[in-house]
Amino acid sequence: MHSHRSAQAQQSYLDVSDAKLYYEVRGQGPLLLVISGGNGTAAFFASFASLLSSQFQVVTYDRRGFWRSPLHEGTDLDAARLLQANVEDAAALLRHLSPNAPATVFGSSWAANIALNLLKTHPHLLRQVIVHEPVLGNLFTPEITQRFREDVDRIIAAFRTHGVPAANAILTSITSSERDRALFVASTVFQELRSLPASNQDWYFGVQMVEWRQFTTFAPELLLVHRDKLMLTRGEEESPDLTAQPTCVLSDRLQMPVVNMPGGHLGYITHQPEFVTSLGKLLVHHERARL
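Residues in the sequence shown are numbered from 1 upward in steps of one, following UniProt numbering.
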């Protein structure tokens, strides 16, 4: 492990299987690991983590293949193994940063898929898992499942033919509302993301999107035994079926309530102060309920 310190966060690297993970630590208190979704980088959650750092020790990181977390030379880019590799990376960070106590994990959208699988395979590492609008391909109605697969195929084809902007236009139209997108584009986070290296989005659309297309086998019932550690959340503003429906299905299959959070699918960016306040209260309430 190598590290250096900036004014905003302690910045470090952790060697894991086939990759080196870049991560940042802010604040003191109970450990909260924030997993980045589609954009895959800690930059997406920097201001979010700063706001939460008054209550928690917040860890953000670049997932393998994204920006500052390079794969080792010669590593197989098999998309079918990518989800489990991401799960094991998160587990490695938790073992490294919280070796003597279980930690809390937050994941939204694609990151929620990682968090749910982390709970399924490594429950002993986890105190609480908060998922926000996971996108789980096999939890849609058959009609939406078919549309989902067709949309992802269109995204991949657009990326290969016309590049990132064309692929991104399709992706955002199926995962967030028009209002959500407008607020996101107006945010400082969006401007910061535009300055990231092009390779970050190339990895997303060229590799991870293929993995997303294949991910259709999640079984919610396997989480029943761990549901006391799980919280389901969704945006209080309307989201497209792709991001809204899986949370409802999880709630039904696990017989769990869903907590509404400020904003839509991107509420942690577009309504960040309100979202962070709600999340902080939710974590404290859940902790007290377990005592």
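Even glycine gets a Cβ: it sits at the ideal position worked out from N, Cα and C.
- In this structure, A115 lies near G107, with their beta-carbon atoms less than 7 angstroms apart.
- The shortest CA-to-CA distance from A85 to any of R179, D18, D151 is the one to D18.
- Beta-bridge annotation (DSSP): I130 is paired with F106, M231.
- Beta-bridge pairing by DSSP links E24 to Q11, T60.
- Our two residues, R26 and E143, have alpha carbons roughly 43 angstroms apart in a direct line.
- Partner residues in the beta bridge of I35, as assigned by DSSP, are G107.
- In the three-state reduction of the DSSP assignment, V135 falls in the coil class.
- N200 sits in a helix when the DSSP states are folded into three classes.
- Per DSSP, V249 lies in no beta strand (DSSP E); the unbroken alpha helix (DSSP H) holding it starts and ends at 241 to 254.
- Out of L183, E178, L139, the CA that lies nearest to the CA of R253 is found in L139.
- A19 sits in a strand when the DSSP states are folded into three classes.
- Contact check between the segment 140 to 159 and the segment 197 to 216: three or more CB pairs, one atom from each, fall below 8 angstroms, which counts as touching.
- If you ignore the 5 residues before and after E237, its C-beta comes within less than 8 angstroms of the C-beta of S177, R179, D180, G263, G264, G267, all in its own chain and listed in chain order.
- In the pairwise beta carbon analysis, the segment 222 to 234 is classified as touching the segment 112 to 132: at least three pairs are separated by under 8 angstroms.
- In the assembly as shown, S54 is an exposed residue. Its beta-carbon has fewer than 16 other beta-carbons within 10 Å.
- Here the segment 274 to 282 makes no contact with the segment 157 to 167; the two share fewer than three CB pairs at distances below 8 angstroms.
- Each of L126, H285, E88 was checked against the Cα of L32, and the nearest Cα belongs to L126.
- In this chain, V225 is not harboured by any alpha helix (DSSP H), its DSSP state being neither H nor E.
- Going by C-alpha positions, F48 is about 32 angstroms away from T145.
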